[in-house]
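First up is the structure itself, then whatever we jot down about it.
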Amino acid sequence: MTLTSARAEQTRTWMTKVPAITATFWIIKVLSTTIGETFADYLTVNVGLGPITTDAIMAVVLIAALAIQFRTSRYTPWIYWLCVVLVSIVGTQITDFLTDTLGVPLLASTIAFAVVLAVVFTIWYRQERTLAIASIDTPRREGFYWGAILTTFALGTAAGDYATEALSLGFRNGALIFGGLILAAWIARKAGAGLVLTFWIAYVLTRPLGASLGDLLTQDKQFGGLELGASATSLLFFAVILVLVAREQLLVGKHGVTAKGSGRGRDYGWAAAGVAAVAAVGAVLSSAQTTPGDTATTGLTVKGTSTAAATRKPHPTTRLGDLTSFVTIATDVQAKVNANNLSGGKTRVKDLEVAWDDAEAGLKPRDPGKWHKLDDQIDTVLTALRAGNPSQADCASSLKTLISTLDTFDGIA
Numbered sequence: 009m010t011l012t013s014a015r016a017e018q019t020r021t022w023m024t025k026v027p028a029i030t031a032t033f034w035i036i037k038v039l040s041t042t043i044g045e046t047f048a049d050y051l052t053v054n055v056g057l058g059p060i061t062t063d064a065i066m067a068v069v070l071i072a073a074l075a076i077q078f079r080t081s082r083y084t085p086w087i088y089w090l091c092v093v094l095v096s097i098v099g100t101q102i103t104d105f106l107t108d109t110l111g112v113p114l115l116a117s118t119i120a121f122a123v124v125l126a127v128v129f130t131i132w133y134r135q136e137r138t139l140a141i142a143s144i145d146t147p148r149r150e151g152f153y154w155g156a157i158l159t160t161f162a163l164g165t166a167a168g169d170y171a172t173e174a175l176s177l178g179f180r181n182g183a184l185i186f187g188g189l190i191l192a193a194w195i196a197r198k199a200g201a202g203l204v205l206t207f208w209i210a211y212v213l214t215r216p217l218g219a220s221l222g223d224l225l226t227q228d229k230q231f232g233g234l235e236l237g238a239s240a241t242s243l244l245f246f247a248v249i250l251v252l253v254a255r256e257q258l259l260v261g262k263h264g265v266t267a268k269g270s271g272r273g274r275d276y277g278w279a280a281a282g283v284a285a286v287a288a289v290g291a292v293l294s295s296a297q298t299t300p301g302d303t304a305t306t307g308l309t310v311k312g313t314s315t316a317a318a319t320r321k322p323h324p325t326t327r328l329g330d331l332t333s334f335v336t337i338a339t340d341v342q343a344k345v346n347a348n349n350l351s352g353g354k355t356r357v358k359d360l361e362v363a364w365d366d367a368e369a370g371l372k373p374r375d376p377g378k379w380h381k382l383d384d385q386i387d388t389v390l391t392a393l394r395a396g397n398p399s400q401a402d403c404a405s406s407l408k409t410l411i412s413t414l415d416t417f418d419g420i421a
């Protein structure tokens, strides 16, 4: 080997910092997508940081993680997958900011991100003459790679949400459809389609697939979910990711790539074990669930519910279903506001925010238009109660409007 070729080989191996595309790669990718979205929602709603603060925190953490990733000399699984999780969070937040804060339609966001991704690929190819994942062996190519990854998450979020709303797919149909499309990409690859094209198509689709699978596990049983809750689902997925990434870390060879001795058969075995673990633990936890009296989306008795509210009959006017539980919380908040207990109302309205957010994946596909109207009115209530100097009149007015709309949209799914 000549000195020049040796140096070229050293440069190539030193900067090979992306994993081999294996079965475990795709399992970790799908699970990390759900972890990212759940964690961002937890910080935004449950912790109460709000979207702007959460966006800022996640952006800073992502920049720090990418700085570490770029400074490493070879593929380090825990650093790489940390970056993927953070990119999934930030990519999702970008789409949510455009949709929820700026009011950009999901179709427009989908088209815009598709154009951005095409531009990234075009510039990448013109500069490097290749888009192959195995060729990520220079800092510039790695920069293009992570730019494309971020855009695919934003595109996958917009396209997945648009398909769910426009077609009213729901998370169960969404999981089947997006999973089927990924399978079709795999079949196309086996039939001779380009590796680069099929990889990026599948990569975009894993975002809505991961979200659908996460919703399948977390959503209430009346929506067809397993009712595990976001915390249990996140812990389950994190445990599987931890095991698979730890295995990857052990198999990394001296050149920064997975050791050849791992074998394709073993890789399939580990991937299948990960899927089986999620399915088995999910089934056990779901079967152990009982229908609690404080479930936010079942329309049954919730904490603090009066007998009259618990027996309230829904009106068959929309497809949203029985909204009694949300009316109950809103009525409790209204009582506190009417008594000029605005701090108590602010505390209680947190339950409404969390319950509404938890039920989004199940309710939204049933009637997106009416869901958005209620979502806007709930945001108005939250804004009024959380103002620096809240007005009792504004809080009471927004609550009256919300409760009236909940009563009107209350129906049998």
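Sequential numbering of the sequence shown, starting at 9, is according to our numbering.
C-beta atoms are modelled at their ideal positions from N, C-alpha and C, and glycine is treated no differently.
Quick caveat: nothing in here was measured; it's all calculated off a predicted structure.
Next on the checklist: Just to confirm my understanding: we take Q385, look at its own chain, exclude 5 residues before and 5 after, and list those with CB closer than 8 Å. What are they?
Outcome noted: S406, T409, L410, T413
Next on the checklist: Could you give the first and the last residue of the continuous alpha helix (DSSP H) run that contains K408?
Outcome noted: 400 to 417
Checklist entry - Under three-state DSSP, which class holds V8? => result An answer regarding residue 8 cannot be provided, because it is not within the stretch 9 to 421 covered by the chain.
Next on the checklist: I need the DSSP call for S294, collapsed to helix, strand or coil.
Outcome noted: Residue state, collapsed to three classes: helix.
Next on the checklist: Please state whether the Cβ-Cβ distance between Y170 and L114 is less than 8 Å.
Outcome noted: yes
Item to check | Through-space distance from G353 to I337, alpha-carbon basis | outcome: 10 Å
Checklist entry - With a CB to CB cut of under 6 Å and the five nearest residues on each side skipped, what residues in its chain are close to A156? => result V128
Next on the checklist: Here's a check: name, in chain order, each residue in its chain whose Cβ is nearer than 7 Å to the Cβ of L177, leaving out the five neighbours to either side.
Outcome noted: A171, I185, P373
Item to check | Complete runs of the alpha helix (DSSP H) confined to the stretch 322 to 371 [at least 4 residues] | outcome: 332 to 346, 350 to 366, 368 to 371
Checklist entry - Taking one C-beta from the stretch 62 to 71 and one from the stretch 129 to 137 each time, how about it: are there three or more such pairs within less than 8 Å? => result No, they do not touch.
Next on the checklist: Do T80 and F121 count as a contact pair if the criterion is CB distance below 8 Å?
Outcome noted: no
Checklist entry - Is the beta carbon of T165 sitting closer than 8 Å to the one on T226? => result no
Next on the checklist: What does the Cβ neighbour count give for S117, buried or exposed, with the cut at 16 atoms within 10 Å?
Outcome noted: buried
Checklist entry - alpha helix (DSSP H) containing L177: first to last residue? => result From DSSP, L177 is part of no alpha helix (DSSP H); its letter is neither H nor E.
Checklist entry - Which class does Y83 belong to by DSSP, given the choice of helix, strand or coil? => result The answer is coil: DSSP assigns Y83 none of H, G, I, E or B.
Checklist entry - In three-state DSSP terms, what is A318? => result Here A318 scores only 43 on pLDDT, less than 50, and its place in the model should not be relied on; the value that follows carries that caveat. Helix.
Item to check | Counted within 10 angstroms of its Cβ, other Cβ atoms place T391 as buried (16 or more) or exposed | outcome: exposed
Next on the checklist: Could you compute how far the alpha carbon of P27 sits from the alpha carbon of R82?
Outcome noted: 10 Å
Checklist entry - Helix or strand or just coil, what does DSSP make of P27? => result coil
Item to check | Through-space distance from I36 to G218, alpha-carbon basis | outcome: 10 Å
Next on the checklist: Can you give me the C-alpha to C-alpha distance between G377 and L258, rounded to a whole angstrom?
Outcome noted: About 50 Å.
Item to check | Selected residue, minimal CA-CA separation from W278, among G290, A296, E256 | outcome: E256
Item to check | 6 Å Cβ shell around F33 - same chain, five flanking residues per side excluded | outcome: Residues of the same chain with a CB within less than 6 Å of the CB of F33, apart from the 5 flanking positions on each side, are P27 in chain order.
Checklist entry - In the structure shown, what three-state DSSP assignment does P113 receive? => result coil
Item to check | Whole-angstrom C-beta distance between A210 and A193, which should lie under 8 Å | outcome: 5 Å
Item to check | Beta-carbon proximity check, F245 vs L39, cutoff 8 Å | outcome: yes
Item to check | CA nearest to the CA of E136, picked from R149, L125, A126, V124 | outcome: R149
Checklist entry - Under 8 Å, do F161 and S96 count as touching if we go by C-beta distance? => result Yes, they are a contact pair.
Checklist entry - Below 8 Å between beta carbons: does that hold for G44 and T100? => result Yes.
Next on the checklist: For a test of the three-state rule: what should DSSP assign to G202, helix, strand or coil?
Outcome noted: coil
Checklist entry - Would you call V55 buried or exposed, if buried means 16 or more other Cβ atoms sit within 10 Å of its Cβ? => result exposed
Item to check | Element boundaries [alpha helix (DSSP H), containing K381] | outcome: 376 to 393
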